[in-house]
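Visitor: Can you read through this structure? Questions will come right after.
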Amino acid sequence: MSAQPHGLIATFDSAAAIYHAAEQVRDAGYKRWDCITPCPIHGLDGAMGVRRSRVPSFSLAGGITGFCTGMTMIWWTGAVDYKLTVGGKPLFSPMFAFPISYELTILFTAFATIFGIFVLNRLPMHHHPVLKYDHIIRGLDDKFFVVIEAADPKFDGKATRALLEQAGGKNITELEA
Amino acid sequence: MSATEHTADAPAILREVKPAVLPRAALVTNNRSFSWITEKICGIIEEKTPRWWWICFGVAAFVASWTVMGLTYLVATGVGVWGHHNPINWAWDIVNFVFWIGIGHAGTLISAILCLLRQKWRTSINRAAEAMTIFAVVCAAIFPVFHVGRIWYALMPGWLFPFPNANVIWQNFRSPLEWDVFAVSTYGTVSVLFWYIGLIPDLAILRDRFYASGKKIRSFLYGLFAMGWRGSNRHWSNYEMGYMILAGISTPLVLSVHTIVSFDFAVSLIPGWHTTIFPPYFVAGAIFSGFGMVLTLMLPLRAVYKLEDLITQYHIDCMCKITLATGTMVGYAYAMEFFIAWYGANPNEGFAFINRAFGHYAWAYWIMISCNVITPQLFWFKKVRHNTALVWVLSIFVNVGMWFERFVIIVTSLARDFLPSSWGYYSPSIVEIFTFFGTFGVFSVLFLLFIRFLPVMPMAEIKAVTPQGDPHADSHH
């Protein structure tokens, strides 16, 4: 057990309460902190100051790769590796290659999107200080938590606790690291 | 929601004219709390396995054994055990394949298209509908794989997936059947991925609940698949974006899959198949049949687990209306096919359609028309939509009708070849009949396992559409 705690966790009872608390923590200038909610809360990203997700770049890369894979595969197999003449038609045309390339675009985009979600979320991470909190079960059920990490440069045991209290947080507890 | 009052930040004109505000239907009735939703849905998994489940499972497993026996006999003996013969070399196998794939499409429609259209009522039914999609794809895949007889060839390099065969020749990528391999396997894979991503937050709840109740092994297993999900909003941000993208790519996917399935027929030169209306007509039919199956599954589920607060009358109304809309499109397509057959003035095409309606398979054609064109029209009436038992019966008619649609399209066109000397009449063999009806057992076994072990509804998504999930419910921003 390390001397330094992971941070402070405060409980809120409603979506509106955590929304306003998040605005206050954001405005106080904290960077390493998080909200734990049972469902996505509309507008909470803005209230927390979270930037737009970067998942779409992964998806785009996946989609382009998929389309090129399909086109290249069909061209190389039928027009280069073993020239396959069917009905006297050209060996390759993007027209007949399109349906498969289209499906591969979607397939690769799906894998890339999911890969993006996991990479950006640093998941799977089966052990995390937040998961050790006694009441975490409620965080996926019907409660809302704000966690401010001790690693945040602005973190200060007393001042941070006061901020959470002022924001309406209940049951403010130190999280073991 | 205090949407009835327009506050200071609303445009001035609104305060003056006071437009009528239509009340929105509550998606979760009786003002249920978050914890009620969690208890209700997790309770289904956590309770002792009910007796009805074991009975249903036993029956389903018995029925599924017909498929297993039918396929074993087929592989051991050869495809001759099915009723195919010249000129009808495609029959129940492809009928059943298209039937099951079509059923799957409603699941993707609900999970993807309705998500993009922000139809929030989808949340209560999307998990079960996506499960239905995956299990339907499993049932569908049985037929193309086994209809080759020697199934090891279907899975061996050089036949379906792009590896060179024994003569180092690659696949003919011009063939719609090869497109089908990619379309269906992509569809199955993406459906599983989409389903799994939706499950992650719910698996995390189950992980924590089983841990709290001391069931460490179950907690570990659910936790393994929950990937350490902890409800972090920074995670939700990426998750929601990714989910939206998956919905965005599943939409063109579902449309393309049945389009490509219809290309199997439309790209050929057989009268009755060689028509440009096939792609949209097949997609509408697929969604129609899928909603039939969603109703068939969800109504008993709702009754058994008393989920009336989550699957409300509003949900049933919405599903009935989509069934009505797509059923009407299908009816329009039937009429348009006839019109084009006449207008196109091709004698073979004209004959194919007259033969459908009045030939040897007229009985199948009229079953199709009565189930697919007449049945859905009853959903115009509120009285019908509010009679749950009747809706369920009508949904069965939709399923039957859509199976017959594929039968009519495929078999009638093949049975009357260009030359009368190669005309035939197809009847299924007993092996085929048992193999097909057994797939309902396979489907039911999978679906019963799903409701026993996985949350039947996405808890997080349902919470997000309740008033408690709205941070602005009590104030204005």
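Chains as they are written, first to last, in the numbering used here: chain A, 1 to 177; chain B, 1001 to 1477. All C-beta atoms in this analysis are idealised placements derived from N, C-alpha and C, irrespective of residue type, glycine included. Nothing here was measured: the structure is a model prediction, and the numbers come from that model.
Of the residues 1456/B, 1151/B, 1387/B and 1046/B, which one's Cα is nearest the Cα of residue 1320/B?
Guide: Against the second sequence, residue 1320/B aligns to sequence position 320. Of 1456/B, 1151/B, 1387/B and 1046/B, the residue nearest in Cα terms is 1387/B.
Visitor: Can you list, in chain order, the residues of the segment 48 to 67 of chain A whose Cβ is nearer than 9 Å to any Cβ on chain B?
Guide: Listed by position, the residues of the segment 48 to 67 of chain A near chain B (Cβ gap below 9 Å) are 48, 50, 51, 52, 53, 54, 55, 56, 58, 59 and 63.
Visitor: Between which residues of its own chain and residue 1172/B is the CB-CB distance below 8 Å, once the five residues before and five after are set aside?
Guide: Start at 1 with the first residue of the second sequence, and residue 1172/B comes out as number 172. These residues qualify, in order along the chain: 1178.
Visitor: For residue 1240/B, return the contacting residues in chain A, with the cut-off set at a CB-CB distance below 8 Å.
Guide: By 1-based counting over the second sequence, the position of residue 1240/B is 240. Here the neighbours are 40 and 53.
Visitor: Can you tell me the Cβ-Cβ gap for residue 1206/B and residue 1042/B, rounded? I've got them flagged as a contact below 8 Å.
Guide: Counting from one through the second sequence, the residue named residue 1206/B turns up at place 206. Counting from one through the second sequence, the residue named residue 1042/B turns up at place 42. With 8 Å as the limit, residue 1206/B and residue 1042/B qualify as a contact, their Cβ atoms being about 6 Å apart.
Visitor: Take residue 109/A and list the residues in its own chain whose beta-carbon comes closer than 7 Å to its own, dropping the five residues that flank it on each side.
Guide: Residue mapping note: residue 109/A aligns to position 109 of the first sequence, counting from 1. Same-chain partners within the cutoff: 59, 62, 63 and 66.
Visitor: Counting only beta-carbon atoms, is residue 1437/B nearer than 9 Å to chain A?
Guide: Within the second sequence, residue 1437/B is the residue found at index 437, counting from 1. Cβ-Cβ to chain A under 9 Å: no for residue 1437/B.
Visitor: Compare the Cα-Cα distances from residue 1180/B to each of 99/A, 114/A, 88/A and 15/A and report the closest residue.
Guide: Position 180 of the second sequence holds residue 1180/B. Out of 99/A, 114/A, 88/A and 15/A, 99/A has the C-alpha closest to the C-alpha of residue 1180/B.
Visitor: What's the call for residue 176/A, buried or exposed, on a 16-neighbour Cβ count within 10 Å?
Guide: The residue given as residue 176/A occupies position 176 in the first sequence. Exposed, because fewer than 16 other Cβ atoms sit within 10 Å of the Cβ of residue 176/A.
Visitor: When you compare the CB positions of residue 1364/B and residue 1407/B, do they come within less than 9 Å of one another, or not?
Guide: The residue you call residue 1364/B lines up with position 364 of the second sequence. The residue you call residue 1407/B lines up with position 407 of the second sequence. In contact: residue 1364/B and residue 1407/B (Cβ atoms closer than 9 Å).
Visitor: Taking the alpha-carbon positions, what's the residue 1187/B to residue 1401/B distance?
Guide: In the second sequence, residue 1187/B corresponds to position 187, counting from 1. In the second sequence, residue 1401/B corresponds to position 401, counting from 1. One C-alpha to the other measures close to 24 Å.
Visitor: Can you tell which of 1242/B, 1192/B and 1268/B has the C-alpha that lies nearest to the C-alpha of residue 1132/B?
Guide: Within the second sequence, the letter at position 132 stands for residue 1132/B. Selected option, being the one with the closest Cα: 1192/B.
Visitor: Can you find the residues in the same chain that come closer than 8 Å, C-beta to C-beta, to residue 1145/B, ignoring five residues on each side of it along the sequence?
Guide: Stepping through the second sequence from its first residue, residue 1145/B is reached at position 145. For residue 1145/B, where only same-chain residues beyond five positions count, the Cβ hits under 8 Å are 1151, 1154 and 1155.
Visitor: Helix, strand or coil for residue 1345/B, going by three-state DSSP, please let me know.
Guide: The residue you call residue 1345/B lines up with position 345 of the second sequence. Coil at residue 1345/B, not helix or strand.
Visitor: Could you pull out every residue in the same chain whose Cβ sits closer than 7 Å to the Cβ of residue 1226/B, ignoring the five residues on either side in sequence?
Guide: Here residue 1226/B refers to the residue found at position 226 when the second sequence is read from its first residue. Excluding positions up to five away in sequence, the list reads 1200, 1203, 1204 and 1207.
Visitor: Give every residue of the same chain whose Cβ lies closer than 6 Å to the Cβ of residue 1442/B, excluding the five residues on either side of it in the sequence, and list them in chain order.
Guide: One-based indexing of the second sequence puts residue 1442/B at position 442. Cβ neighbours of residue 1442/B beyond the five flanking positions: 1064, 1067 and 1139.
Visitor: With DSSP run on the structure shown, which of helix, strand or coil describes residue 1178/B?
Guide: By one-based count along the second sequence, residue 1178/B stands at place 178. In this structure, residue 1178/B counts as helix in the three-state DSSP scheme.
Visitor: For the alpha helix (DSSP H) holding residue 1097/B, just list the boundary residues, first then last.
Guide: Walking along the second sequence from the start, residue 1097/B turns up at place 97. Run containing residue 1097/B: 1092 to 1108, per the alpha helix (DSSP H) assignment.
Visitor: Suppose you measure from the CA of residue 1/A to the CA of residue 1310/B; what does that come to, to the nearest Å?
Guide: Locating residue 1/A in the first sequence gives position 1, counting from the first residue. Locating residue 1310/B in the second sequence gives position 310, counting from the first residue. Confidence in residue 1/A is poor, its pLDDT being 43 and thus under 50, which makes the residue's placement too unreliable to answer from.
Visitor: Along chain A, which residues have their Cβ under 8 Å away from the Cβ of residue 1282/B?
Guide: As a first step, residue 1282/B is located in the second sequence; it is residue number 282 there, counting from the start. Correct list: empty, because the minimum Cβ distance to chain A is about 15 Å.
Visitor: In this structure, how does DSSP classify residue 1307/B when only helix, strand and coil are distinguished?
Guide: Counting from one through the second sequence, the residue named residue 1307/B turns up at place 307. It is coil, neither helix nor strand.
Visitor: CB residue 22/A to CB residue 44/A, shorter than 9 Å?
Guide: Taking the first residue of the first sequence as 1, we reach residue 22/A at position 22. Taking the first residue of the first sequence as 1, we reach residue 44/A at position 44. Cβ atoms of residue 22/A and residue 44/A: closer than 9 Å.
Visitor: Look up residue 39/A in the DSSP assignment and say whether it is helix, strand or coil.
Guide: Stepping through the first sequence from its first residue, residue 39/A is reached at position 39. Of the three classes helix, strand and coil, the one that applies to residue 39/A here is coil, per DSSP.
Visitor: Since residue 1039/B is in the alpha helix (DSSP H), which residue starts that stretch and which ends it?
Guide: On the second sequence, position 39 is the one that residue 1039/B refers to. 1034 to 1046 is the extent of the alpha helix (DSSP H) around residue 1039/B.
Visitor: Output needed for residue 1091/B: all residues of its chain with C-beta closer than 6 Å, excluding positions within five of it in sequence on either side, in chain order.
Guide: Taking the second sequence and counting its residues from 1, one reaches residue 1091/B at position 91. Cβ within range, chain order: 1084, 1411 and 1426.
Visitor: Taking only beta-carbon atoms, is residue 1001/B less than 9 Å away from chain A?
Guide: If you number the second sequence from 1, residue 1001/B lands on position 1. Bear in mind that a pLDDT of 39 at residue 1001/B, under 50, signals an unreliable position, so the model cannot answer this.
Visitor: Quick check: what's the CA-CA separation for residue 1241/B versus residue 1118/B?
Guide: As a position in the second sequence, residue 1241/B is number 241, starting the count at 1. As a position in the second sequence, residue 1118/B is number 118, starting the count at 1. Rounded to the nearest angstrom, the two C-alpha atoms are 14 Å apart.
Visitor: Measure from the alpha carbon of residue 1368/B to the alpha carbon of each residue in 1385/B, 1398/B and 1149/B, then state which is nearest.
Guide: For the purposes of this step, residue 1368/B is taken as the residue at position 368 of the second sequence. Answer by Cα proximity: 1398/B.
Visitor: At the level of alpha carbons, what is the spacing between residue 1315/B and residue 39/A?
Guide: The residue labelled residue 1315/B in the question sits at position 315 within the second sequence. The residue labelled residue 39/A in the question sits at position 39 within the first sequence. One C-alpha to the other measures close to 21 Å.
Visitor: By the 10 Å Cβ neighbour count, where 16 or more other Cβ atoms means buried, how is residue 1020/B classified, buried or exposed?
Guide: Reading the second sequence from its first residue, position 20 is the one you call residue 1020/B. So residue 1020/B ends up on the exposed side.
Visitor: So residue 1126/B contacts chain C; which residues on that side make the cut at Cβ distance below 8 Å?
Guide: Protein chains in the displayed structure are A and B, and chain C is not among them.
Visitor: Are the beta-carbon atoms belonging to residue 1182/B and residue 104/A less than 9 Å from one another?
Guide: Within the second sequence, the letter at position 182 stands for residue 1182/B. Within the first sequence, the letter at position 104 stands for residue 104/A. Their beta carbons are under 9 Å apart, which means residue 1182/B touches residue 104/A by this criterion.
Visitor: Mind listing the chain B neighbours of residue 121/A? Cutoff is C-beta to C-beta under 8 Å, in chain order.
Guide: Taking the first residue of the first sequence as 1, we reach residue 121/A at position 121. Those are 1232, 1234, 1235, 1238 and 1239, listed as they occur along chain B.
Visitor: Below 8 Å, can you find three or more Cβ-Cβ pairs linking the segment 1053 to 1064 of chain B to the segment 1413 to 1433 of chain B?
Guide: Not touching, per the Cβ criterion.
Visitor: In the DSSP assignment, what are the bridge partners of residue 1155/B?
Guide: Position 155 of the second sequence, counted from the first residue, corresponds to residue 1155/B. None; residue 1155/B has no bridge partner.
Visitor: So what does DSSP say about residue 1249/B, is it helix, strand or coil?
Guide: One-based indexing of the second sequence puts residue 1249/B at position 249. Helix.
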